[in-house]
Amino acid sequence: MSDRPVNLNRVRKDKARAVNKARADENATRFGRTKAQKTLEETQAEQARSILDLHRRDKD
1051 MSDRPVNLNR VRKDKARAVN KARADENATR FGRTKAQKTL EETQAEQARS ILDLHRRDKD
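In my numbering, the protein residues as written are 1051 to 1110.
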């Protein structure tokens, strides 16, 4: 056995941090997008809106 006492609260908190970090990494890979992907999607959405506005008819 080890010569030093083990702080069980620290062990419990370290384990919880590891679980939360693993969950965060999993969510980042599942839902995360790069900045380039976000700007590309925003640009494409803006272009689609402008094309729809060009085809809009006025109500007269």
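Just so you know, even glycine gets a beta-carbon here, dropped at the ideal spot from N, CA and C.
Q | Cα-Cα separation between Ser1100 and Glu1076, rounded to whole angstroms | A | If I take the Cα positions, the gap works out to 36 Å.
**Q.** Alpha-carbon spacing of Thr1084 relative to Gln1097, whole angstroms
**A.** Using only the alpha carbons, I get a separation of about 20 Å.
Q) Quick one: Cα of Asn1057 to Cα of Lys1071, how far? A) Whole-angstrom Cα-Cα distance: 21 Å.
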